[in-house]
Amino acid sequence: MPSDCPGLRELIDNLTERLDFHANAMTLTEELSRGWRGRDNRRMEAMEARIAEIEKNFHTKEAK
1 MPSDCPGLRE LIDNLTERLD FHANAMTLTE ELSRGWRGRD NRRMEAMEAR IAEIEKNFHT
61 KEAK
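Final position of the sequence shown in UniProt numbering is 64; the numbers increase by one with none missing.
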(Lines of atoms letter the chains of each structure in order from A and count residues from 1; the text may use other names and numbers.)
(Lines give C-alpha, C1' and ligand atoms only; values in the text may rest on other atoms or scores of the structure.)
Protein backbone atom coordinates (compact mmCIF):
# COMPACT_ATOMS: atom_id res chain seq x y z
CA MET A 1 0.00 0.00 0.00
CA PRO A 2 1.50 3.37 -0.97
CA SER A 3 2.45 5.51 2.02
CA ASP A 4 0.92 8.60 0.39
CA CYS A 5 -2.57 7.02 0.60
CA PRO A 6 -3.10 6.37 4.32
CA GLY A 7 -6.90 6.27 4.01
CA LEU A 8 -6.91 3.84 1.10
CA ARG A 9 -6.72 0.70 3.29
CA GLU A 10 -9.62 1.98 5.41
CA LEU A 11 -11.65 2.75 2.28
CA ILE A 12 -10.99 -0.70 0.84
CA ASP A 13 -11.92 -2.36 4.15
CA ASN A 14 -15.14 -0.33 4.36
CA LEU A 15 -16.14 -1.20 0.79
CA THR A 16 -15.31 -4.86 1.40
CA GLU A 17 -17.55 -4.90 4.49
CA ARG A 18 -20.39 -3.29 2.56
CA LEU A 19 -20.08 -5.84 -0.24
CA ASP A 20 -19.89 -8.69 2.27
CA PHE A 21 -23.00 -7.44 4.06
CA HIS A 22 -24.99 -7.07 0.83
CA ALA A 23 -23.86 -10.45 -0.52
CA ASN A 24 -24.89 -12.19 2.71
CA ALA A 25 -28.21 -10.33 2.77
CA MET A 26 -28.92 -11.36 -0.83
CA THR A 27 -28.05 -15.00 -0.08
CA LEU A 28 -30.30 -14.98 2.97
CA THR A 29 -33.15 -13.44 0.98
CA GLU A 30 -32.78 -16.00 -1.81
CA GLU A 31 -32.68 -18.94 0.59
CA LEU A 32 -35.65 -17.68 2.58
CA SER A 33 -37.64 -17.32 -0.64
CA ARG A 34 -36.85 -20.96 -1.48
CA GLY A 35 -38.14 -22.15 1.86
CA TRP A 36 -34.84 -23.14 3.47
CA ARG A 37 -36.08 -22.25 6.94
CA GLY A 38 -38.04 -25.47 7.25
CA ARG A 39 -35.25 -27.60 5.82
CA ASP A 40 -32.14 -26.43 7.62
CA ASN A 41 -32.77 -24.21 10.63
CA ARG A 42 -29.20 -24.37 11.93
CA ARG A 43 -27.78 -23.15 8.64
CA MET A 44 -30.25 -20.28 8.46
CA GLU A 45 -29.71 -19.31 12.09
CA ALA A 46 -25.95 -19.26 11.53
CA MET A 47 -26.38 -17.10 8.43
CA GLU A 48 -28.76 -14.73 10.22
CA ALA A 49 -26.28 -14.42 13.10
CA ARG A 50 -23.44 -13.70 10.67
CA ILE A 51 -25.47 -11.02 8.88
CA ALA A 52 -26.44 -9.44 12.21
CA GLU A 53 -22.75 -9.41 13.21
CA ILE A 54 -21.70 -7.82 9.91
CA GLU A 55 -24.48 -5.23 10.18
CA LYS A 56 -23.55 -4.40 13.80
CA ASN A 57 -19.88 -3.98 12.89
CA PHE A 58 -20.79 -1.90 9.85
CA HIS A 59 -23.01 0.46 11.83
CA THR A 60 -20.47 0.69 14.65
CA LYS A 61 -17.77 1.78 12.19
CA GLU A 62 -20.11 4.30 10.52
CA ALA A 63 -20.93 5.85 13.89
CA LYS A 64 -17.25 6.57 14.58
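Virtual Cβ for every residue (Gly too), placed ideally from N, Cα, C.
Computed from a prediction, not measured in an experiment: that's the story for all the values here.
Query	Result
Best match in 24, 8 and 9 for proximity to residue 46 [C-alpha to C-alpha]	24
Closest Cα partner of residue 44 within the set 11, 32, 54 and 18	32
Residue closest to residue 54, alpha-carbon to alpha-carbon, out of 18, 8, 27 and 29	18
Residue 43 at chain B interface by Cβ criterion, 7 Å	In the structure shown, chain B does not exist; there is a single protein chain.
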